[in-house]
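Protein sequence lines, in the order shown, are assigned to chains A and B.
With the first letter of the first sequence counted as 1, position 177 gets the number 268 in the numbering used here; the numbers rise by one all the way through.
With the first letter of the second sequence counted as 1, position 149 gets the number 240 in the numbering used here; the numbers rise by one all the way through.
Right, one structure below, let's go through it.
Number of protein chains: 2
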Amino acid sequence: MQVVLTSEEANKLKTGACVRIHGILTQSPGTEQSKELQAQHVEVLGESDSTYPLQKKYHSMEFLRDNLHLRSRTNIFGAIFRVRSAAIIGFQNFFQTNEFFQIHTPIITNSDCEGGGEVFKISANKKKNIKIEHTKDGLVEKDFFGSPVYLTVSGQLHAEILACAMSRVYTFGPVFRAEESLTSRHLAEFWMLEAEIAFMFKLDELLDFVESCLRDTTKHILNTCSQDLEFFNQWVDKELSTRLEDTINKPFIRITYSEAINILSKANKRFEFQPVFGTSFHSEHEKYLATDYCRGPVFITDYPKEIKPFYMRVNPDGKTVACTDLLFPKVGEIVGGSLREERYQKLVKRLKEFNLNTEEFQWYLDLRKYGTIPHGGFGIGFERYLQYITGMDNIRDVIPFPRSTNFCKV
Amino acid sequence: MQVVLTSEEANKLKTGACVRIHGILTQSPGTEQSKELQAQHVEVLGESDSTYPLQKKYHSMEFLRDNLHLRSRTNIFGAIFRVRSAAIIGFQNFFQTNEFFQIHTPIITNSDCEGGGEVFKISANKKKNIKIEHTKDGLVEKDFFGSPVYLTVSGQLHAEILACAMSRVYTFGPVFRAEESLTSRHLAEFWMLEAEIAFMFKLDELLDFVESCLRDTTKHILNTCSQDLEFFNQWVDKELSTRLEDTINKPFIRITYSEAINILSKANKRFEFQPVFGTSFHSEHEKYLATDYCRGPVFITDYPKEIKPFYMRVNPDGKTVACTDLLFPKVGEIVGGSLREERYQKLVKRLKEFNLNTEEFQWYLDLRKYGTIPHGGFGIGFERYLQYITGMDNIRDVIPFPRSTNFCKV
C-alpha cells in the first residue's frame, strides 16, 4: 500500500522497519494503486539496522536463498507463500467435498527397500539411548526403536491400510529422498499429497479423479489469489495465465506408454537419449510430450511392469501395469498413480520378481488375504505443482525452507 | 448397518470379507438401528481367510496394537480416526476464518540444542553418500547435508520467520522426541499445530485466541461426529459428553504460576513430589489443578523464567515470563504458548543465560534486528487434544501408526 508521509517523517524510516501508521484511506490519484493512506500518526514499533540485507532493488534468487530468514519479506516470496497456503486449502476442500478422511501416515518407518536405498537413516543422538544387548550373535548395539529405522519416501502403503478400512483417505505430509541431486526439480525434503480410494475398478476412474482434483484446486487458487498470479504472469512467466486458464478449461490428454514411445520416435527432434521401449522417460522426453507435443497436461498410462513398482496392478496383457504418470508442461511429472495389485497370489509373484522379502511385507499382503478390495491411488508432488502454478524455475523457491545436497540453512 | 440375509447367504460370509450387497433400504423393526438393508443380491469382492485375527468380540487395546494394520477396521478405531480427521478440518476452518496463512516449517533441521539433546540424528543410508574431504583438521567424513542434521522438535522458531513477514501463520506437521518413555502420554513422533501471530502485545490476547481456537474446533467435532462421540461416551468414558459440553460453554480458568503453587501447597492431598516454587509441575500436580481443583481447562501463566525456554518474553518484574501452559482434566498439558522476546538485547542476554551459542541463533536474532515485531504464539499437541476429545487413555491409540521406545511396527 502507498502511504503519503511528510518528508520529515519519511526520513525517519529505514527499509525493513516495522511501523504502525494511523491515517485516512483515500482514493489515490496515482495509476499504480487504487487507494492510498494519508498518514496522520507514524509510530515505529521496530527499528531496522542499516545493515539490513534487502534493499529496494532487484535481488537474485541465489542471493535470497542465502537469506532464507528474510526472503519471505519480499513481494515475490510473499506471493509464493500465499499461493502455497491457498493450494493447501484448495486440496483440502476438494477432498472434503468428495467425502474423504484425512489421515496421517508415519514419517519414521522400518522399511528401506521401496525407494531403492536412497533413504535417510535415523538414530537417537545421545549415547544414553544406545543399549548393548546380549544376543546369540554376541553383544549387539540396540537403538531407540530396537530395529533400524528410516525417513519415509511415501505414505502410500500405509494409506492403503486405512483405505481398506475407511474407504477414501488422503494424507498430506513430508517425504524424503537421499538422492545426490543438484537439479532445479529435486529436494531432499518435500511435501506429498497422497490419496487412496477403495472400490476403484478401472484406471480411467482414477484419471478422472486426478483431473478433477487438479482442476478444482487450480480454480480455487485462481479465484483466491488473482493478484498474486498477475504478479507472476508479469514478472516470472508471460504465458502463465494462458497456461492456467487452459488447464482448468481443456480436458487433459490421455495416451499409453506405447503411444508415447511412438510419438517420441517420430519426433522431429534430436534427443540426448534415444527413447527406447521398456525404459523410463528422461526429462527431455517428458518435456517434449507435455510442452511441445500436447501443449498441456498429459496422462501417460500402462507402462511396462518391469519399470514400475511391485504394487501396481498387472493388466490382462501380463506385460503392462494399470498406472499413470501425469506430465505438465515445463515441469514434467507432477502426479504418479495406479490401481494397486489386490490379488494375493499375483502380489506375492511381483514381490519375488523384485527380490523383495515377502515376510517383511506380510502386513501388506494381509490386506489382500482378509477381505481384499479393488482400489487405487495417487500422489501429487506438492512443490512441483506449485512450480506449475507460479512459473518459478527452481523448486527451492516454492518451499519456505528447502533442504537438498549440501543445503540445510536456517 | 444391519443387513438382512437368508441363512444360506449368511453362511457363505466370513468375518473380514469385502462384500457388495444390492437390496432395499427399509425402516428397521429393531431398536438398535433405525434402518436396515433387505438384501437381494450378495457379491463377495474379497474373501477373508479363516485366520483373520479380528473376531466379533472384545479385543484388548494391546492386542489391537499388535495388529496395527487391521485395527482401523474395528468400530472404535473407525470412530477415533474419523474424529481425528474432523479435528484437522476444525482447526483449518478456525485458522482460515481468522485470516491465517498455512505454512510448512522444516522437518530436517541443523539445530539440536532446543530440545536439550533429546533429538534424532539423520544420516544418508548408503556409503556412496558419504564423502571424505581434506580440511585443516585432516580427512573428515562429510555427510549428505555437509553438516549434522536432526529431526525437528518444534516448528516455532521457523514459524516466527514467516509471522514476521506474513503476520499470521500456522503450521501443522510432525515433530520428534528421542525420549525413552513408556508412559501413556508420550510418543517419539507426534503432530503439532503451531501458530505465530504478529502484533500481539499482551498475554491475555494470546489466551483469548487459544481459548477460541479450542472451543471452535471442539464445536466443529461435536457438530460433525455426534454418533462417534456418543460411542466414546458409552464405551470409553461416561463423563465425556458432559466434559465436552462444559468445554465449549464455560470460560477457561486463568491463574498464575504463583497462585497455582499456592493452591497446591494448601491442597488436602498427599503428593509424591512436594510442589516447590521455581520447579516444573509434575503430572500429579497438573492433574490436581485441572481435574480436581478447577474441574475444567485452566491456563497457568507467568512461570519463573529459569524453567522456561530462552525465547519467552521476560515480564516487567524481571523474574517471570509472559507464557502459558493450558492444562486439561485427565490429560494434562495440551497447549504451550508465550509472547516471544522481541527485544534484541534482552534476547542476547537470555541466550547467554542458557549457555546457547548466539552465532548459531544469528538468523533468529536478525528478526529482532531488522524491524522487530511484538508477537506471540502457541503449540497444540494434537494427539493430547484427541485424547481429551475421545477419552482414550493411551496416546498410542489416537494416532494410526504410533512410534515410541522399542515400538515401530508396520
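No residue lacks a Cβ here, since even glycine has one placed at the ideal position from N, Cα and C.
Below-7 Å beta-carbon distance, residue i vs any chain B residue
i, result
"residue 474/A", "no"
"residue 237/A", "yes"
"residue 155/A", "no"
"residue 220/A", "Bear in mind that the predicted position of residue 220/A carries a pLDDT of just 48, short of 50, making it too unreliable to give a figure here."
"residue 206/A", "With a pLDDT of only 49 at residue 206/A, under the threshold of 50, the placement of this residue in the model should not be trusted, and no figure is reported."
"residue 176/A", "yes"
"residue 124/A", "no"
"residue 253/A", "yes"
"residue 269/A", "yes"
"residue 107/A", "yes"
"residue 401/A", "no"
"residue 452/A", "no"
"residue 247/A", "no"
"residue 160/A", "yes"
Anticipated Cβ contact below 8 Å, residue i with residue j, distance rounded
i, j, result
"residue 461/B", "residue 143/A", "5 Å"
"residue 124/A", "residue 114/A", "The pair is not a contact, with the Cβ atoms about 15 Å apart (cut-off 8 Å)."
"residue 458/A", "residue 255/A", "5 Å"
"residue 398/B", "residue 370/B", "7 Å"
"residue 280/A", "residue 199/B", "5 Å"
"residue 327/B", "residue 481/B", "7 Å"
"residue 213/B", "residue 242/A", "7 Å"
"residue 196/B", "residue 492/A", "7 Å"
"residue 473/A", "residue 248/A", "Their Cβ separation, rounded to whole angstroms, is 19 Å, which puts residue 473/A and residue 248/A out of contact at 8 Å."
Cross-chain neighbours of residue i in chain B, by beta carbon under 8 Å
i, result
"residue 280/A", "197, 198, 199"
"residue 365/A", "The premise fails here: residue 365/A is roughly 28 Å from chain B at the closest Cβ pair, so nothing lies under 8 Å."
"residue 187/A", "180"
Candidates the options, of which the one nearest residue i by Cα
i, options, result
"residue 409/B", "417/B, 395/B, 421/B", "395/B"
"residue 413/A", "465/A, 443/A, 282/A", "465/A"
"residue 377/B", "269/B, 416/B, 343/B, 407/B", "416/B"
"residue 389/A", "348/A, 400/A, 161/A", "348/A"
"residue 103/A", "472/A, 200/A, 134/A, 253/A", "134/A"
"residue 152/A", "487/A, 495/A, 492/A", "487/A"
"residue 175/B", "183/A, 194/A, 270/A", "194/A"
"residue 361/A", "287/A, 375/A, 445/A", "375/A"
"residue 277/B", "500/B, 501/B, 495/B", "495/B"
"residue 299/B", "167/B, 432/B, 469/B", "469/B"
"residue 149/B", "168/B, 141/B, 272/B, 160/B", "168/B"
"residue 171/B", "483/B, 500/B, 344/B", "483/B"
"residue 160/A", "98/B, 244/B, 95/B, 252/B", "252/B"
Any C-beta of chain A under 7 Å from that of residue i
i, result
"residue 492/B", "yes"
"residue 215/B", "yes"
"residue 478/B", "no"
"residue 422/B", "no"
"residue 265/B", "yes"
"residue 131/B", "no"
"residue 240/B", "yes"
"residue 292/B", "no"
Contacts that residue i makes with chain A (C-beta to C-beta distance below 8 Å)
i, result
"residue 183/B", "180, 183"
"residue 128/B", "By Cβ distance, chain A contributes nothing, its closest Cβ being about 17 Å from residue 128/B, past 8 Å."
"residue 212/B", "213, 214, 215, 216"
"residue 173/B", "192, 257"
Within chain B, the residues that residue i reaches when beta carbons sit closer than 9 Å
i, result
"residue 483/A", "Those do not exist, as residue 483/A stays about 16 Å from chain B at its closest Cβ, beyond 9 Å."
Amino acids of chain B, ordered along the chain, whose beta-carbon sits closer than 7 Å to that of residue i
i, result
"residue 143/A", "461"
"residue 496/A", "235"
"residue 256/A", "163, 164, 169"
"residue 139/A", "461, 462"
"residue 499/A", "199, 201, 236, 238, 240"
"residue 297/A", "Within chain B, no residue comes near residue 297/A; the closest Cβ sits about 18 Å away, beyond 7 Å."
Where residue i meets chain A, residues with beta-carbon distance less than 9 Å
i, result
"residue 311/B", "Near residue 311/B there are no residues of chain A at all, since even the closest Cβ is about 12 Å away, more than 9 Å."
is_contact[residue i, chain D] using C-beta, thresh 7 Å
i, result
"residue 163/A", "No chain D appears in this structure, whose protein chains are A and B."
Where residue i meets chain A, residues with beta-carbon distance less than 7 Å
i, result
"residue 273/B", "By Cβ distance, chain A contributes nothing, its closest Cβ being about 12 Å from residue 273/B, past 7 Å."
Checklist entry - Which residues, in order along the stretch 314-334 of chain B, keep a beta-carbon less than 7 Å from a beta-carbon of chain A? => result Answer in chain order: no residues at all.
Next on the checklist: Using a Cβ-Cβ cutoff of 9 Å, what residues of the stretch 454-467 of chain B are near chain A? List them in chain order.
Outcome noted: Cβ contacts with chain A come from 454, 455, 457, 458, 459, 460, 461, 462, 463, 464, 465.
Next on the checklist: Tell me which residues of the stretch 428-443 of chain B have at least one Cβ-Cβ distance to chain A shorter than 8 Å, keeping chain order.
Outcome noted: Here the close residues are 433.
Checklist entry - What residues in the stretch 93-105 of chain A bring their beta carbon closer than 8 Å to a beta carbon of chain B? => result When CB distances to chain B are screened at a threshold of 8 Å, not a single residue of the stretch 93-105 of chain A falls below it.
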